[in-house]
Amino acid sequence: MNAATIHLNKYRKGFTLLELLVALTLLVIAMSIAFQAFSGTVRGWKRGIEVIDGIKHGDFAMQQIKSALNSTIYFFNPRKTYAFTFEKDSSGGLPADSISFVTSSGAMMPYDSPFARGPHRLRLFIDEEFGAPALFATALPAVPDVEDEESEFEAEPILVSTAVQGLEILVWDFENEEWTEEWEKENAVPERIQITIYVASDDEDEDPIPFMRVLEIPVAESVQDKLTGPSLK
């Protein structure tokens, strides 16, 4: 090794300032990319947990509604005792329709409710009794007229789910082959309806998760024959 080589090696034992700055810059970029990837993974994991929870809440509520509708009772009489009714409400951010029908199912009823084991008029609706929209139900005797059910009896609201914050009802129009918001047959039961419930996310920045189900009401086939029930005067 000659003297010139020894002289050059003497001044190349450390890193230059420029090399250190380049290395630090690359390190910061790498750390930033790693942090963003980690944050995205965490957000995705949290969102996945929320979606799974939402699916559980939505599936539970939908199964309860389906059970009640499958046990719908209908007999034709002039007083519209067994009429199926629903009201549209889209004044808020989410649909808040209400639905009312007579059923023999104990779905959504407390175990000690007098209506849990017998025919009753069930009404499902969205209310903000606890400060945020939630799904509620009321049960009434199946005897009174539909028009008088709220005035003659005091029905205590039953909380079904705080996670369900929206409810939308559509009826299938067989003549025009389309879903409609109109139900003009005041003394009948629709054969097919579409129910959409909206399950809220824990993250206020996330939109509610919609769950849609098309349901057939078995008793509706007998509506054409106008089965008559006990005479009520």
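671 is the number that this note's numbering gives to position 196 of the sequence shown; each next residue is one higher, with no gaps. The beta-carbon is built from N, C-alpha and C at its ideal position, and this holds for glycine as well. Every value quoted in this text rests on a predicted model; they were computed, and no experiment measured them.
Pair within 7 Å by beta-carbon distance, residue i and residue j
i      : j      : result
Leu690 : Lys541 : yes
Ala558 : Asn662 : yes
Leu642 : Ile601 : yes
Asp572 : Ile644 : yes
Leu544 : Gln640 : no
Met506 : Arg688 : no
Residues of its chain near residue i, where Cβ-Cβ distance is below 7 Å and the 5 sequence neighbours each way are ignored
i      : result
Leu493 : none
Ala630 : Thr613, Ala614 and Leu615
Own chain partners of residue i with C-beta closer than 6 Å, once the 5 adjacent residues on each side are dropped
i      : result
Asp648 : Thr655
Thr500 : none
His595 : Ala614 and Ala617
Gln539 : Ala582 and Met583
Tyr673 : Leu569, Gln640, Gly641, Pro683 and Pro685
Lys563 : Asp572 and Glu656
Close-in-space but distant-in-sequence residues of the same chain around residue i (CB under 8 Å, 5 per side omitted)
i      : result
Pro665 : Phe559, Val646, Trp647, Trp658, Ile692 and Ala695
Asp534 : Phe686
Anticipated Cβ contact below 8 Å, residue i with residue j, distance rounded
i      : j      : result
Arg598 : Ser575 : 4 Å
Pro632 : Glu604 : 7 Å
Would you be able to state if there are at least three C-beta pairs under 8 Å between the segment 536-550 and the segment 684-697? yes
Under 8 Å: do the segment 501-519 and the segment 553-561 share three or more Cβ pairs, one atom per stretch? no
Contact between the segment 628-638 and the segment 597-616 is defined here as three or more beta-carbon pairs at a separation below 8 Å; is this criterion met? yes
Counting pairs of beta carbons, one from the segment 573-587 and one from the segment 648-663, are three or more of them closer than 8 Å? Segments in contact, no.
Taking the runs of the alpha helix (DSSP H) that are 4 residues or longer, which of them lie wholly in the segment 614-690? 624-627
Extract the residue ranges of the beta strand (DSSP E) inside the segment 549-597, only unbroken runs of 3 or more that lie entirely within it. 560-562 and 573-578
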